[in-house]
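**Q**
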Amino acid sequence: MIEWFDSNLVSILNGFAIGSLLFILAVGLSIVFGMMDVLNLAHGALFLVGAYLAWSLLSDGATWGGFLAALGIAALVGLLAGGVLSVMTEPLARRPILDQALLTLGVSLVVAEVLSIVYGNDALSVGAPPGLAESVSFLGRSYPAYRLALIGVGLVLAVVVYVVVERTSVGALVRASVADREMVSAMGIDNRKVKVAVLGIGSMLATVAGVLGAPVYGARPGLDDTILILALVVVVIGGLGSVKGAFVGAMVIGQVESLGRAVLPDLASFILFGTLALVLVLRPRGLFGPRKLAGT
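Here the sequence shown is numbered in this note's numbering, starting from 8 and rising by one per residue.
1) Starting from V163, follow the alpha helix (DSSP H) in both directions and report where the run begins and ends.
2) Between V240 and L283, is the Cβ-Cβ spacing less than 7 Å?
3) Quick check on P291: buried or exposed, where buried means 16 or more other Cβ atoms within 10 Å of its Cβ?
4) State the DSSP-derived secondary structure class of R148, mapped to helix, strand or coil.
5) Counting only runs that start and end within the stretch 218-252, where is the beta strand (DSSP E) found for 3 or more residues in a row?
6) Roughly how many angstroms lie between the CA atoms of S14 and L146, to the nearest whole one?
7) For S66, which three-state DSSP category applies?
8) Sorted by chain position, which residues of the same chain lie with C-beta nearer than 6 Å to I234's C-beta, five sequence neighbours on each side aside?
9) Only counting runs of 3 or more residues, tell me where the beta strand (DSSP E) segments fall wholly within the stretch 98-146, in order along the chain.
10) Should T175 be labelled buried (16 or more other beta-carbon atoms within 10 Å of its own) or exposed?
11) What is the residue span of the alpha helix (DSSP H) that A284 lies within?
12) Measure the beta-carbon distance from G138 to L65 and round it to whole angstroms, keeping in mind my assumption that it falls under 8 Å.
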């Protein structure tokens with residue numbers, strides 16, 4: 008067992024790095040869908056927007072100034088995109104969830120096509136900031152410093168999001184809006200503003216994840232579809248609306264994705280979706296999903 012762990016240490020670390028990135032992306036999708044009852048299939052396109060923003064500011068050479076600027080601009084773009092999506096989906100709030108899914112899917116296709124026209128169809132690489140671009144020794148193995156930092160960022164963000172959602176008045180307001188929207192409205196709180204705020208934060212996490220993921224995945228057409236599928240798998244496995252579920256699901260899928268491609272590359276996709284099927288059979292609501300979701 009120790010020998011197997013040692014020989015696959017790099018793949019295991021890659022799994023944690025991928026899992027951390029997937030958590031940053033998927034937790035916003037999970038909260039927006041599980042709590043606000045909005046299925047945002049444009050989430051992957053927002054990730055791709057962040058990746059291209061990173062390339063735009065770092066293509067002439069990765070600097071901390073450019074990287075932080077990319078994060079700031081991506082956060083602003085994500086907040087604005089969330090507000091626009093909230094306005095677009097509001098008329099469909101009482102209609103079947105499929106209508107929202109089709110609308111946001113259409114937005115995703117338009118955004119992806121515009122990005123393809125602007126940036127072309129080539130795969131673009133993005134460098135890590137200075138100090139994180141090289142490899143360091145970790146447990147006797149050489150490993151990229153940026154990916155170790157990405158693991159740390161994912162862990163910190165997981166704690167922050169959990170505390171905000173579960174331990175603050177802001178999180179209590181969001182949960183109350185889900186449980187009894189009429190009562191919250193009777194208290195003088197506009198549920199639409201809560202929805203705009205949650206969708207904005209969820210979209211912001213997607214664009215920020217795109218910047219953080221750019222040094223790992225680069226920026227290329229089709230990346231939005233790949234990353235959206237992984238995020239949806241994470242959400243379904245972890246359970247809608249659960250921060251803990253998003254984190255555990257992301258780490259599970261990160262390991263399945265990394266170890267599966269390293270150990271059994273021909274069966275990697277089967278292992279990924281086999282894991283999804285197994286969880287759905289044993290736990291239809293996901294590992295940490297609530298018994299009742301918004302809108303049910």
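Backbone N, C-alpha and C define an ideal beta-carbon position, used for all residues, glycine too.
**A** In terms of the structure at hand:
1) Here residue 163 is taken as the residue at index 156 of the sequence shown, counted from 1. Segment A152 to R174, the alpha helix (DSSP H) holding V163.
2) In the sequence shown, residue 240 corresponds to position 233, counting from 1. In the sequence shown, residue 283 corresponds to position 276, counting from 1. Yes, the pair counts as a contact, with Cβ atoms nearer than the cut-off.
3) On the sequence shown, residue 291 is found 284 positions in, with the first residue counted as 1. Taking all protein chains in view, the Cβ of P291 is surrounded by fewer than 16 other Cβ atoms within 10 Å, so the residue is classified as exposed.
4) Indexing the sequence shown from 1 puts residue 148 at position 141. R148 falls in the strand class under three-state DSSP.
5) none
6) In the sequence shown, counting from the first residue as 1, residue 14 sits at position 7. In the sequence shown, counting from the first residue as 1, residue 146 sits at position 139. In a straight line, the C-alpha of S14 is about 12 Å away from that of L146.
7) Translated into the one-based positions of the sequence shown, residue 66 becomes position 59. In this structure, S66 counts as coil in the three-state DSSP scheme.
8) Here residue 234 corresponds to residue number 227 of the sequence shown, with the count starting at 1. Within the same chain, Cβ atoms closer than 6 Å to the Cβ of I234 are found at G51 and F54, the five residues on either side in sequence being excluded.
9) Taken in chain order, the unbroken stretches of beta strand (DSSP E) that lie wholly in the stretch 98-146 and span 3 residues or more are 142-145.
10) The sequence position of residue 175 within the sequence shown is 168, counting from 1. Per the 10 Å Cβ criterion, exposed.
11) Numbered from 1 along the sequence shown, position 277 holds the residue referred to as residue 284. Looking at the DSSP string, the run of the alpha helix (DSSP H) that includes A284 is A275 to L289.
12) Here residue 138 refers to the residue found at position 131 of the sequence shown. Here residue 65 refers to the residue found at position 58 of the sequence shown. Actually they are not in contact, since the Cβ atoms of G138 and L65 sit about 14 Å apart, beyond 8 Å.
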